[in-house]
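S.K.: Residue numbering for the sequence shown follows the working numbering, starting at 6 and increasing by one per position.
Where a beta carbon is used, it is the ideal one built from N, C-alpha and C, also for glycine.
I am attaching a structure below and will ask some questions about it afterwards.
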Amino acid sequence: MERNETARRATAIAAVLLGTTFLAGLPTAALAQAAATAAAPAPAAPEVPAVVAIRAINVAGSQRLEPDTIMSYIKMRVGQPYTQQAADQALKDLYATELFTDVQIINSDGVVTIQVKENPVINRIVLEGNKRIKEDKILPEIKMAPRQIFTRSKVRADVSRIIELYKRQGRFAASVEPKMVMLDQNRVDIVFEITEGPKSKVRAINIIGNEQFSDGELRGEMITKQAGITKIFSSGTSYDPDKMAFDQQKLRQFYLTKGYADFRIVSAVAELTPDKRDFILTYVVEEGPRYKFGDVKVQSQLRDFDDTRLAATLPMKKGDWYDAKKVEDTIEQLNTTLGAFGYAFADVRPDYARSKEDLTMGLTFNIAEAPRVYVEKIDVNGNTLTQDKVVRREFRLAEGDAFNSLQVKRSTARINSLGYFQEKFEVEQKPGASPDRIILEANVEEKPTGELQLSAGYSSLEKLIFQGSIQQRNFRGRGQTVGLSLSYSQYSKSAEVSFTEPYLFDKNVSLGASVYRRDYNNFNYINTNRNTLYQNKTTGLSVRAGLALTEYISAVGSYTFNYDDISVDRNQYYSDRQNPPSFECDPIIAGRYLCDAIGKRTTSMLGLSLIYDTLDSRVHPTRGNSVSVTTEFAGLGGSVKYARLRLNAAKYFPVGKGFIFSVRGEAGAMKSLGRKNDTVNGIDGVFLTDRFYLGEPTIRGFDIRGVGPRVVRKFYQDTNADGTVDGLNYVCFRPAVTTTPTAPADRQIVGAGAACSTGYNYLTPDTVNEDRTTWQDDAIGGRYYYLTRAELEIPLGSGAKSLGLRPSLFMDAGAVWGITRPRLESVLVNGLFFPTRDASGVPQYSQICNGTPTVIASPTTPTLPATCIGTGDGVNALGSTYPAFQDFFYGNTIKPRISIGIGVNWNSPFGPFRIDFAKVLTKAEGDDTKTFTFNVGTQF
């Protein structure tokens, strides 16, 4: 019974330790029992118990586990002698399974009873306090799961994994406190209480041993940055061991590109501050001497290449500073050259001859013998919707052709430009059945090509915008494009149905057609209010056909038929002043150029475009050129006849470290083939609606149609305070009589420069209001234009890049000109009165006789009857007065308008977003500038 007592005492101590440190990760219960047994007071004179054979082994307390299963965990068996060592070993074995919270072994004269208490079953796992990292990121790291048996080792492991997850996020002060909530039926909820703590920043980066380059220059090469005010939005200020290892590679690369071939990093240490908030990184480096290139040679075992000629094309020369990056680029260049001649598996290896005496690095590029390779087959994998032929027709190589690395690269670019598959797709090259065979694999991952957009937005051009479109860019997996779009805003409405077949009858001929209706309200500004100038309703049909002439040159022909209905607001721009009672567009109110545009016209137009395109992507190009020449001839029937020429060119190229620089230019010219220019009446042969216009958003820094020829109407104001608004009269007045000479005897009207009579003083004429917000500003376009745009796209971190943010610096320059000078109107004295007329066109008057008003019609001013003697009786003409004004013609000059600024593109959830801040450097008189513009929910 002494053994039973010892076991019970050990079990009691182990239970206490288990209850108080259940989740804290203290030593196992088996070790606790061993410690308790060792600590128990030894009997003064222990009796040596008689050895009793085990007659039976019983298991008690088990709920989920079968007794035979529990017995399988221990070595104790019936018939063996029962000893204390055997019992201790059985306890250790059972606790080692981590299936039990308590185990007791009771021996009663050879009948051994194993009393167990099983570990609980996990009911659920709860996370508390996690805000920076969501549950869907943490739960996969936790290996415990509901309905599993709870064990302390699993808890400890899960705590470590959660903390490690936070460390990877830069939160080294994070802590996790696991807790257990007991439930009925021996179940338990596990709660992980997480204290996330602040993000550990890099407080300082110390570099020791650098003499040739400053700390700041070397820090600039690292992706890890020191925390500071200027880096408040940077994601590189958090400590990350992987980033630190990468920074060591960056330092090595930097020194190797500068000629320090012996450079090495002696140590790199990251020290966590006591408060666990910041890290201090310390690098100890040895720069070593600087090397120059020695003899640079090429040794080729391929008979198609001459060693001397290849060496002459290498970018490095003897005496240049050694540059490891240049060596890597040369190897890639040689592989590309060899691949262009069919050597897909050519092996180019550099041999270095370092001389520490004269600090030179000799270099020999060894080109091993290799067979010329042919394409064995082309495999397309991963396409479930897209037909094989859609991918295969973009390959510039066919099965059986000689391998050409340049054609493989071109094939990759063409497949990427389809926009059907994952970004950064690459054609994989694998060995074929023999050394001179290669297999090209296009392992694609399809992405959705159908687009359904329903959006509302706001544009500084069109105010509220409602837009809806449905488009399938890979219709039926054939590469066809089908689209339907609708849009509505305050100033424009449109609907369009389109279809494009890129390979008609599987030939390299494209065919497309679209039917559309566009209602556009052209506008001007009057007193800062946007005012509709004219309405242009266009219904049309366009058919296009394209043919690839070479790999990079294609021709596109088109036919367009438009029916245009141009009208103005009759209530605003019509009057009966010219031919009463007939209402016509009044040039005094609308301008002769606008009245000339009114009407219904048809345009039947043929177009031809020649396009040269080497861009690596049609969606977001980073390198390559694009040039197009488009000629259009309107006159194949229809009432509008003109010829138009357009030129477009663009060049994109990376300039290092993710920066992309682009230069784009366009120009156009047109000539009327029908109407002639009428210089007398100021009418141009090209209709107002067919001309070129410039402004927002094509040239930033200017308002919509803010550049180019325009007619500005300025209204006179009574600046000389003579009581009359006019811009013609030069007035002399007698100041001794009145300061406001209104009486005939007190004022004299004289010609410009004429002298005043004795006793009269000279008074200058009224002037127009120079406040632009009071002008009536009408852009009338031109027959010639040019536009250039230079833009530098600035790379951002991976976080901003994933959001679709692309900031850029830009410079725009352009002009539009070449219009016939319009006939300018003016009303100089007291404005122009427009009488109200009856149905027969006779002017109407209001006659008040003895207080009773009456409307009468009379071709001349009627005389008030003698019987009308009441106060206020009289006759007044009914109508309205158009104020005195003067038209001015501005902007018809080839002089470039130049603006610079910064803009940001964002592929937002609401649609494309563009914001620009621009500063105009040069402009012409009359141009309308605009510093800030943005667009949301519409293409730009």
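1. So which of S474, N371 and E133 has the shortest CA-CA distance to L491?
2. Beta-carbon within less than 6 Å of S243's beta-carbon, same chain only, minus the 5 sequence neighbours each way: which residues are those?
3. Quick check on the DSSP output: the alpha helix (DSSP H) that includes D601 runs from which residue to which?
4. So, is L411 buried or exposed, given that buried needs 16 or more other C-beta atoms within 10 angstroms?
5. Apart from the five residues on each side of it in sequence, which residues of its chain come closer than 8 Å, Cβ to Cβ, to V271?
6. Classify T555 as buried or exposed, calling it buried when 16 or more other Cβ atoms lie within 10 Å of its own Cβ.
7. As a quick exercise: from L699, I167 and Q577, pick the residue whose alpha carbon is nearest that of G596.
8. Given that a residue counts as buried once 16 or more other Cβ atoms are within 10 Å of its Cβ, and exposed if not, what is R438?
9. Sort G700, A602, T763 and R483 by Cα distance to Q392 and report the nearest one.
10. Just the C-alpha distance for P827 and S497, rounded to the nearest angstrom, thanks.
11. Determine the closest residue to L883 out of L364, V847, V117 and L307, with distance taken between C-alpha atoms.
12. Are the beta-carbon atoms of D708 and I824 separated by less than 8 Å?
13. Please state the DSSP three-state secondary structure of N191.
14. Helix, strand or coil, according to DSSP, for Y260 in the structure here?
15. Rounded to whole angstroms, what's the CA-CA distance from Q38 to I59? Just pull it up for me.
16. What does a CB cutoff of less than 6 Å around V645 pick up in its chain, not counting 5 residues either side in sequence?
17. List the endpoints of the continuous beta strand (DSSP E) containing E381.
18. Can you tell me whether N897 is buried or exposed? The criterion is at least 16 other CB atoms within 10 Å of its CB, across all chains shown.
19. Tell me whether T42 sits in a helix, a strand or coil according to DSSP, three-state version.
20. I'd like to know if the region 545-561 and the region 509-517 are in contact, where contact means that at least 3 CB-CB pairs between them fall below 8 Å.
21. Tell me which residues share the same chain as V660 and place their Cβ nearer than 6 Å to its Cβ, disregarding the 5 neighbours each side in the sequence.
22. Can we count T341 as close to the ligand FMN, meaning its CB is less than 7 Å from some heavy atom?
23. By the DSSP assignment, the beta strand (DSSP E) with S813 in it spans what residues?
24. Quick one: give me the first and last residue of the beta strand (DSSP E) that D581 is part of.
25. What's the call for Q306, buried or exposed, on a 16-neighbour Cβ count within 10 Å?
26. Under 8 Å Cβ to Cβ from T684, same chain only, skipping five residues before and after it: list those, please.
27. Under a three-way DSSP split, which group does S410 fall into?
28. Taking a contact to mean a Cβ-Cβ separation below 8 Å, would you say A358 touches G299 in this structure?
29. Check each candidate in F697, S559, G387 and E446 and name the one with the smallest Cα separation from E381.
30. What's the C-alpha gap between L96 and V131?
31. Using only alpha-carbon positions, find the residue among T857, E276 and M816 that is nearest to K924.
32. What number of angstroms, rounded off, separates the C-alpha of V117 from the C-alpha of K281?
33. Taking one C-beta from the region 693-707 and one from the region 786-797 each time, how about it: are there three or more such pairs within less than 8 Å?
34. For N541 and E428, I'd like the C-alpha separation in whole angstroms.
35. Which residue's Cα is closest to the Cα of R582: T694, F839 and K662?
36. Ignore the nearest five residues each way along the sequence and tell me which others in E198's own chain have a CB closer than 8 Å to its CB.
M.R.: Working from what's here:
1. S474
2. G175 and K204.
3. R597 to A602
4. exposed
5. G214, V289, V290 and E291
6. exposed
7. With respect to the C-alpha of G596, the residue from L699, I167 and Q577 having the closest C-alpha is Q577.
8. Looking at the sequence provided, one finds Ala at residue 438 rather than Arg. When all chains shown are included, A438 counts as exposed.
9. R483
10. 27 Å
11. V847
12. no
13. It is coil, neither helix nor strand.
14. When DSSP states are grouped into helix, strand and coil, Y260 belongs to the helix group.
15. Low confidence applies here, because Q38 scores a pLDDT of 39, under 50, leaving its location unreliable and the question unanswered by this model.
16. Cβ within range, chain order: R606, T608 and A639.
17. Y379 to N386
18. buried
19. Low confidence applies here, because T42 scores a pLDDT of 41, under 50, leaving its location unreliable and the question unanswered by this model.
20. The answer is yes - the region 509-517 touches the region 545-561, with three or more Cβ pairs under 8 Å.
21. F666
22. Only the bare structure without any ligand can be found here, which leaves the ligand FMN out of the picture.
23. L810 to W822
24. Element bounds for D581: Y579 to N584.
25. exposed
26. T825 and R826
27. helix
28. yes
29. E381 has its Cα closest to that of E446, out of F697, S559, G387 and E446.
30. 33 Å
31. M816
32. One C-alpha to the other measures close to 54 Å.
33. yes
34. Answer to the nearest angstrom: the Cα atoms are 41 Å apart.
35. F839
36. E133, G134, V181, E182, P183 and K184
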